[in-house]
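K.L.:
In the numbering used here, the protein residues as written are 617 to 753. Every residue gets a Cβ at the ideal spot worked out from N, C-alpha and C, and that includes glycine. Fair warning: this is a prediction, and the values are worked out from it, not measured in the lab.
1) Between residue 687 and residue 698, how many whole angstroms is the CB-CB distance? I'm expecting something under 8 Å.
2) If I follow the unbroken alpha helix (DSSP H) through residue 707, where does it start and stop?
3) How many Å lie between residue 748 and residue 735 at the Cα?
4) Which residues in the same chain have their Cβ closer than 7 Å to the Cβ of residue 681, if we skip the five residues on either side of it in sequence?
5) May I ask you to report which of helix, strand or coil DSSP gives residue 687?
6) Alpha carbons only, please: which of 715, 710, 702, 719 is nearest the one belonging to residue 732?
7) Hey, how far is the Cα of residue 730 from the Cα of residue 737?
8) Report the rounded CA-to-CA distance for residue 724 versus residue 696, giving the unit in angstroms.
9) Rank 716, 746, 689 by C-alpha distance to the C-alpha of residue 676 and give the top, closest one.
10) Specify, as a first and last residue, the run of the alpha helix (DSSP H) that residue 744 falls within.
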């Protein structure tokens with residue numbers, strides 16, 4: 617009686633197959649989409665590269681009077697209004713002398729300033745990372 621197998625006693629019970637690395641591909645179904653997710657129809661239409669994300673349309677101010685007199689988008693609360701622009705003489709003088717283009721080259725900077733040494737460190741760090749990327753291990 618001990619030699620009788622489980623299959624003969626319980627023919628309706630299915631035995632689990634042991635999954636080994638070489639037959640894992642045949643029984644792996646864990647990548648199927650379930651419910652509302654990336655692969656479901658509710659998430660959006662699927663294209664070749666995945667679901668299509670709908671773009672949000674942001675309102676753009678078109679009133680020229682408001683564009684000239686206010687800083688549009690400066691009010692982030694629901695009540696109130698945007699900041700009103702002042703005449704040029706009410707702003708400090710240093711505001712009009714700010715450098716808006718590229719920073720000066722390293723050769724033109726003064727060596728006694730903190731900005732010079734920070735810039736030099738940044739340049740050397742970039743150089744070092746480029747050299748490390750070329751290095752073979």
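P.N.:
Result, derived from the coordinates:
1) By one-based count along the chain shown, residue 687 stands at place 71. By one-based count along the chain shown, residue 698 stands at place 82. Going by Cβ atoms, the distance from residue 687 to residue 698 rounds to 6 Å, so yes, they are a contact pair.
2) What you label residue 707 is simply residue 91 of the chain shown in a count that begins at 1. Segment: none, residue 707 is in no alpha helix (DSSP H) and carries neither H nor E.
3) Here residue 748 is taken as the residue at index 132 of the chain shown, counted from 1. Here residue 735 is taken as the residue at index 119 of the chain shown, counted from 1. Straight-line Cα distance between these residues: approximately 20 Å.
4) What you label residue 681 is simply residue 65 of the chain shown in a count that begins at 1. Once the five neighbours on either side are set aside, residue 681 has no close Cβ partner at all.
5) What you label residue 687 is simply residue 71 of the chain shown in a count that begins at 1. Here residue 687 sits in strand by DSSP.
6) Against the chain shown, residue 732 aligns to sequence position 116. With distances taken between Cα atoms, residue 732 lies closest to 719.
7) Against the chain shown, residue 730 aligns to sequence position 114. Against the chain shown, residue 737 aligns to sequence position 121. Roughly 11 Å between the two C-alpha positions.
8) Position 108 of the chain shown holds residue 724. Position 80 of the chain shown holds residue 696. Rounded to the nearest angstrom, the two C-alpha atoms are 46 Å apart.
9) Within the chain shown, the letter at position 60 stands for residue 676. With distances taken between Cα atoms, residue 676 lies closest to 689.
10) Working through the chain shown from its first residue, we reach residue 744 at position 128. 730-750 is the extent of the alpha helix (DSSP H) around residue 744.
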